[in-house]
């Protein structure tokens, strides 16, 4: 890089662009994936700086701004794709996810409030309701004539949804459910829309009923359509809403709390796709097991989790675009023997901050596109035709990628802010707003640690139906009782990976580290090793007095195994995307980016690879050097690599980019 | 831990406190250090929840609130300690730093605005001015009759202060300086106080003058006392201030920009302690070298950097207190065979998130206390009596600990926010405000990467006077030209460390890892190894064509060496604090905390220790296990360890702590 900067003086009027247009276009096509047209349409529609968050707005006006923007989106039928044609939508799940993701380039509040309305609330009505709900509500919620909220989380129960304390008790006398917040901790909390705009809520509560001669008891968590406010925004009788007020970000989202004091709703307001209550109180469900029914219902709602992961990726890409563009014009300290200062991206330390995160952002984007496509395919089927195993894999992959991608996004945005120094701390340059907004993406739609643990438990539990809902100790006992080796590969190996593996040396330590098959083997071997040893450890403890202690001692092991699993899948998505790439020059550049992703992932976990002798000391040193060399190689393409994201220019407005 | 939770049900009304009062008191005394009385006084004075930031306030009212609080502090003579008795203060530097640090428990905006006024602006007048400035300004700035700002950073120049473009040109005709923002990038930027309240600024500018028959030219950066606003807050002629507006945090601080259009100030407004200009324009300074003079002036201003590091530590402790208290009452998922749910701090993954950061916070606090004491001692001497070497070490240590401590704080607060889930994202629970405020601590008073690099350069440059101000390439040439081995220990070995080393086995791989001497040797050997190999690498490149490229290739190596240096010093401060601790039980507990600090520091850098064979594979595995075991050991003391920080209870108000 230094050599280059001696011979080529970057011209500040034409950006530091060393990647030809064909290549950038090729990268763009690869990144855009199957819903490229939707992306292009939204690029045009969102290319307006008035969509950016205005930090001067207080809660009320900030929320009003977002609601007005949603209404504008609705007027262009933005949300129809997320709903089936028979319910009044256009039935294109992938388009719906990609649309929500693109909103993240404008304002994460717009994405979140849209996601709550159309994804979570709308998704609950669509997927948990039946014709009577679809006919009555779907068109209105698409058009925003009906503003809803998703009443799942309670003050006392975030991650453990099965333990929710709100009750919905069936009263056969009036054919009503009585919704009640039984304890202080049963208060619905952090509910988007509940602060101000929502007039109804999809409330998750323990359904309590008894048939004739049967003591009423809980049938587990079900979802109910509950009106909470009248047209004037006043709480309905028995409902007490309050406002969560100021948060770490997402100012345009009106999060709030709801307390129900024996609120009566008609029995038909039970979203009754998976269970119903007969007039006499008899509980009926096509799914016998409470546990299985609960997870089946939850499984239909993963769209929210997928959208959150997708949007986190978009936010990271935006932050990287801002930080890399800044690093390409900002100059500090003199370059020796040269007439111009070096840009800060010429410094290795700065490259090392940003470029591995850029590479990882590519990896995450490709993985996300595959996840979105799989969600689309699965949800385009009749639910009864979806193989349970496929659904389970989809759910696990959605959980894993949400955790992996949102942790990456939060970290990346932090680094980007810091990489822009004082300028990065000014709201006018957008990074602090992104930083505040993204923070909760690691928490909502599933705490990342809990989600990662879920992936680990599923891996080790052979994706068994029966283990769901088990607590830590129960799960330990379950795993200890499994027969056979858990390392068996659960997902079909994709062709491109198999071909690469077949044509290469099996011993990864002997073959070149830039060899793609070697990279795959390193990631796969790590995953297999962690999975096997974690299972062994749990089995050895089969007779332990305190299975919770066994679980706890292995918790970091389990999380690490899950991470290795997720990262291997991300790598394979990247490899697939390179294979699918039509442009030769783009594919070549993607190869380098993939190398940097692999090298920096290996570097981040080098102690593990060394400790378990999957990598020699010599190779470990080569990995460190390799990260440096790849940073140097990719430095001239930094601008091209972020331009390929295709973020609307008006959404990248930042005074710091006007002068270095 | 699980065993314990089976036998003892924590009572929610009496906190989960398993550490006896004597021990907590002993910890408190150790943490409070030499200015314990100041801390206690401020604990009482600050124990008011109205001092907490109010997220509902817009910029104007938020700033007014902070200014009013500063006036109240001033009315109690809060700032007098920072100024010499002969200038109207009470001359207790340590007390001044500790006072500023304690403000961080209340509101970081209060700390920053106070630090700007009394530390930076006041410090410039005190340390760069002479009697004529002291007599005229010090009493007023202590009392806030004079509100100042610190006009150093420019839009184009943050880290590279020597390259500032604002000029102060001497006009012998009128005996004035003409202050001018020569370019767009010369605009003063992010200046605390310049947004609204400051009426003057200590402006750093290139002093341009020529004596009789001498062409006027720059004598380097000097500081000038420049009025910027009249009493009504209106910009003075030639001055254009503007407001930085909304930022990532620190809403109560009025950052702004200043453009000077040939503003004339009397010659006596040069803060002329280190240089003056005679009536005829002749430049005079007791320090001949421009470079040395510049760094001498800067060296007197390190108090700001020390305060920022100290306060970052306080902010991290506050976040940990909130997150750990929450983790001790928050319950999720059932414990097996037990009548109560486990708290989230019973989970190993949660312990692993928080407890190593708690241990590191102890380490940083002890190191900070030593730094504050050394700053106190040095600045209590007549400046002419301060050994240059001692001053250099102090500056390097201040830079290193600011970088190390503020990175730790920013990371810790991020983790604490996430560890509190949705509750952690609500401003009412304080963590998001802390997170927004702390972010810029990694940037201001020196970007952490630049500061760490400075430490590395100094280490390798044998703390030579001549190398300061050299650019990357110049510095490479300088290091390459050094004779002799650079590994020589530059700081005197403290007695307690020497005693430990003398009485232990020299081969760290053979002795027990809980042995303190072994721990020291591991840290020291890492530092020595990195320092030596980095120097060798630079020397081999002595004849390279492109010394900047040489520097760049070694930049990550240099940063790593510096980090190892800083972390070794932090460890030794911790060991000193244990040795100094009067309470036997507290010292024992501190020993465990120190072990966790060491084990997790080793774990974080395990790949390096393995790659360079400072640690065997077996030992590496023991380190991983050790972190888990130490987390389990310290879990019962988590509450005691945060209570020992002694943060005023009213400043820990958070609704999430009222119910789990």
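Residue numbers (the working numbering), protein chains in the order written: chain A, 4 to 663; chain B, 4 to 663.
We treat Cβ as the ideally placed atom computed from N, Cα and C, and that holds for glycine.
Keep in mind the model is a prediction, meaning the values are calculated, not measured.
- Three or more Cβ pairs drawn from the region 293-309 of chain B and the region 459-475 of chain B lie within less than 8 Å of each other, which places the two stretches in contact.
- For chain B, the residues of the region 157-173 of chain A that bring a beta carbon within less than 8 Å of one of its beta carbons are 158, 159, 160, 161, 162, 163, 166, in chain order.
- Between residue 482 (chain A) and residue 541 (chain A), the beta carbon gap of about 5 Å places them in contact (Cβ cut-off 8 Å).
- Using beta-carbon distances, residue 398 (chain A) does not count as an interface residue toward chain B, since no partner is under 8 Å.
- Interface flag for residue 609 (chain A) against chain B is set, since a Cβ pair is found closer than 8 Å.
- Within the region 435-446 of chain B, 435, 436, 438, 439, 442, 443, 445, 446 place their CB atoms closer than 9 Å to a CB of chain A, listed in sequence order.
- Distance from the CA of residue 264 (chain B) to the CA of residue 223 (chain B), rounded to the nearest whole angstrom, comes to 20 Å.
- Under the Cβ criterion (8 Å, minimum of three pairs), the region 128-146 of chain A does not count as touching the region 229-238 of chain A.
- For residue 205 (chain A), the uninterrupted beta strand (DSSP E) run begins and ends at 203-212, by DSSP.
- Taken in chain order, the complete alpha helix (DSSP H) segments of 4 residues or longer contained in the region 422-489 of chain A are 434-441, 451-463, 475-483.
- For residue 405 (chain A), there are no C-beta contacts with chain B under 8 Å, since the nearest C-beta of that chain is about 14 Å from it.
- Put simply, the CB of residue 428 (chain A) is near chain B, with a gap under 8 Å to one of its CB atoms.
- Residue 383 (chain B) counts as exposed, since fewer than 16 other beta carbons sit within 10 angstroms of its beta carbon.
- Counting C-beta pairs closer than 8 Å gives three or more between the region 318-331 of chain B and the region 642-660 of chain B, which meets the contact rule.
- Taking CB atoms only, residue 420 (chain A) has a neighbour in chain B less than 8 Å away.
- Listed in chain order, the non-local C-beta contacts of residue 185 (chain B) below 6 Å within the same chain comprise 168, 170, local neighbours out to five positions each way being set aside.
- Here residue 319 (chain A) really is in contact with residue 416 (chain A); their C-beta atoms are around 6 Å apart, less than 8 Å.
- Of all residues in the region 538-567 of chain A, only 549, 550, 551, 552, 555, 556, 558, 559, 562 come within less than 8 Å of chain B when Cβ atoms are compared, listed by chain position.
- Around the beta carbon of residue 26 (chain B), 16 or more other beta carbons sit within 10 angstroms, so the residue counts as buried.
- Taking every protein chain shown into account, the CB of residue 445 (chain A) has 16 or more other CB atoms within 10 angstroms, so this residue is buried.
- The three-state secondary structure of residue 269 (chain A), taken from DSSP, is strand.
- Scanning B:225, B:601, B:49, B:476 for the CA closest to the CA of residue 557 (chain B) turns up B:476.
- Rounded to the nearest angstrom, the gap between the Cα atoms of residue 22 (chain B) and residue 555 (chain A) is 23 Å.
- A Cβ-Cβ contact shorter than 8 Å links residue 84 (chain B) with residue 99 (chain B).
- Using a 10 angstroms sphere on the CB of residue 79 (chain A), the tally of other CB atoms stays under 16, which defines it as exposed.
- Minimum Cα-Cα distance from residue 245 (chain A) among the listed residues A:260, A:151, A:626 corresponds to A:260.
- Residue 548 (chain B) counts as exposed, since fewer than 16 other beta carbons sit within 10 angstroms of its beta carbon.
- For the options B:467, B:46, B:56, the alpha carbon positioned closest to that of residue 103 (chain B) is the one of B:46.
- For the region 297-308 of chain A, the beta-carbon criterion of a distance under 7 Å to any beta-carbon of chain B is satisfied by none of its residues.
- Around the CB of residue 192 (chain B), 16 or more other CB atoms lie within 10 Å, so the residue is classed as buried.
- Its chain contains 94 as the residues whose beta carbon lies nearer than 6 Å to that of residue 87 (chain A), once the 5 sequence neighbours on both sides are disregarded; these appear in chain order.
- Residue environment for residue 620 (chain B): exposed (fewer than 16 other C-beta atoms within 10 angstroms of its C-beta).
- The way I'd put it, the region 593-601 of chain B doesn't touch the region 598-606 of chain A; fewer than three beta-carbon pairs between them come closer than 8 Å.
- Its chain contains 85, 303, 304, 306, 307 as the residues whose beta carbon lies nearer than 8 Å to that of residue 126 (chain A), once the 5 sequence neighbours on both sides are disregarded; these appear in chain order.
- For residue 639 (chain B) and residue 372 (chain A), the gap between their C-alpha atoms comes out near 45 Å.
- Along the length of the region 306-376 of chain A, whole beta strand (DSSP E) runs at least 3 residues long do not occur.
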